[in-house]
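What follows is one structure encoded as structure tokens, with my remarks underneath.
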Amino acid sequence: MDAIISLYSAQDTPRFRWASKVLFTSAMRVKVIHYSDLEAFSSAEGIKINYSPTPIEDSVHISPQGLLWEKELVDQEFYCTTWEELPIFCQRSMGDLPFDPLAAAFFLASRYEEYLPFIADQHGRFPASESFASHHGFLERPLINEWALKIGKLWIGAQFELKQYYTYTSSVDIDNLFAYKGKGALRTMGAIAGDITQLDFKRLRARLMALLGVQRDPFDTFRKQRNWNKKHQISMLYFMLFAEFGRNDRNVSPYSTEAAIKLREISDWSEVGIHPSYASDSQELFVSKELNNLQEVLRQPVRQSRQHYLKMRMPHTFRTLLDLGITHDHSMGYAEVAGFRASLVTPFTFYDLELEAELPLVIHPFVFMDTTYYMYQKKGPKESLEQMKNWPEKVKEVGGELITVWHNRTFGEIEPDTQGWVQVYKEFIDAAQV
């Protein structure tokens, strides 16, 4: 972050401040100094950018579109064109750019459209198909980062690069810590009875061997994961579903001794975050209880979170997390398709459009989930891997933080749709390493 941008605007709003932080600090990795006084701006150092309707001598001119001066939420009617092979909107007829990148970045990164009425999916989520990025064909591009790279090359110099900032983190959602263990007496006896009734003696044998400790539970693949990632020095992050049993929350009991032992083992080599339960997007008490139970088991604070089923309501889910001490969220992505939900692949702080304020919660977008390919899109391991391998280069080019989502059950390979996925993972992390 050697370059400095001196940014002038006669007006100053929380939207403007946050948008400049997203575009220049998060995506472009440069320092921004704000000016509202013309005399001080005239003697400023670094790249001078004038964000106002009127050009100023010896400075780059961005003509404001107006979104950053508004204080209400309304349907925005944008249309897309292209500039330097990049999709753009918030077009301007004046200025040194044909669009207002600050207003456009604000619209995409704040998830403005998710505050407005939309047609939800079966889980009440905002679907990718409803998004502006999907409608205009750039969901698979970290567009804000691409704008930042292009602007950097134009205004800082052709030598401007961001590849050196690239990182990769392999994250794992633990929706079910064990396939057979830790489920409690009633669930276990019911499962054994089910195996017998269905004459599934192969599964019955595997269940009993795991329960008796003769064989490792098939979902307990955590040491293998550690070894695979250690080989490439890849960072890991786990998210544990620690809720009471329910139709969409079928993990081990939060009171299981076996679960506690395993979680403490995992926390020895990786940070463990909370995976708030299905109803947690609207029930703060649920999240509070789950978080407290997990912290008691781990014997340390938990600061990272990813929503189970990626269920979130803007802005209430993120406010709840902040109230409970969470400082980093990893839910920004879609379950049904891969891509960039916020058009960003670098961390950024959350902007609450109802409060019109930046809040101290860092959002870490992810690019894809393993289940996106084999569950939602019904693709086999070979086809999935071919598509997955396209993502690292896209993220490297803009110096992004590549985060992928896996599930420990995927590596168990005991279910038909997960067969062959251990090899997929190994080949992908080889391609994604720094």
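Letter 92 of the sequence shown, counting from 1, is numbered 74 in the numbering used here, and no numbers are missing. Beta carbons are placed, not taken as given, at the ideal position from N, Cα and C, and that holds for glycine. The model shown is predicted, which means the values in this text are computed figures rather than measured ones.
Assigned with DSSP and collapsed to three states, residue -16 falls in coil, not helix or strand. Taking 8 Å as the upper bound for CB-CB distance, residue 234 and residue 159 are in contact here, some 5 Å apart. Note on geometry: alpha-carbon atoms of residue 286 and residue 239 lie some 23 Å from one another. Distance from residue 296 to residue 93 at the Cβ level is roughly 6 Å; contact confirmed, criterion being Cβ atoms closer than 8 Å. In the structure shown, the three-state DSSP call for residue 222 is strand. Taken atom to atom, the span from the alpha-carbon of residue 412 to that of residue 214 is near 7 Å. A Cβ-Cβ distance of about 54 Å is found for the pair residue 204 and residue 32, leaving them out of contact under the 8 Å criterion. Leaving aside the five residues that flank residue 101 on each side, the residues in its chain whose CB is nearer than 7 Å to its CB run, in chain order, 112. Around the beta carbon of residue 311, 16 or more other beta carbons lie within 10 angstroms, which makes this residue buried. Counting C-beta pairs with one atom in each stretch, the segment 268 to 280 and the segment 311 to 331 have fewer than three that are closer than 8 Å, which means they do not touch.
The beta carbons of residue 340 and residue 51 sit no closer together than 9 Å. The segment 118 to 134 makes contact with the segment 1 to 8, as at least three CB pairs between them are under 8 Å. A check of alpha carbon separations from residue 196 across 162, 148, -16, 237 identifies 162 as the nearest.
Annotation for residue 331: the continuous beta strand (DSSP E) segment containing it runs 330 to 334. Relative to the Cα of residue 394, the nearest Cα in the group 206, 49, 58, 13 belongs to 206.
Distance from residue 151 to residue 219 at the Cβ level is roughly 6 Å; contact confirmed, criterion being Cβ atoms closer than 8 Å. Looking at 342, 370, -4, 344, the one whose alpha-carbon comes closest to that of residue 354 is 370. The beta carbon of residue 301 sits closer than 8 Å to those of 334, 341, all from its chain and outside the five residues before and after it, given in chain order.
Per the C-alpha coordinates, the member of 74, 91, 309, 4 positioned closest to residue 34 is 74. When only Cα atoms are considered, residue 119 and residue 386 end up about 22 Å apart. Here residue 326 is buried. Its C-beta has 16 or more other C-beta atoms within 10 Å.
Leaving aside the five residues that flank residue 137 on each side, the residues in its chain whose CB is nearer than 7 Å to its CB run, in chain order, 29, 42. Residue pairing for residue 209: DSSP places it in no beta bridge. By the CB criterion at 9 Å, residue 299 and residue 344 fall outside the cutoff. Between residue 388 and the set 222, 322, 98, the nearest pair of CA atoms involves 222.
Per DSSP, reduced to three states, the secondary structure at residue 355 is helical.
Listed in chain order, the non-local C-beta contacts of residue 293 below 7 Å within the same chain comprise 105, 106, 107, 260, 263, local neighbours out to five positions each way being set aside.
Residue pairing from DSSP places residue 16 in a beta bridge opposite -11.
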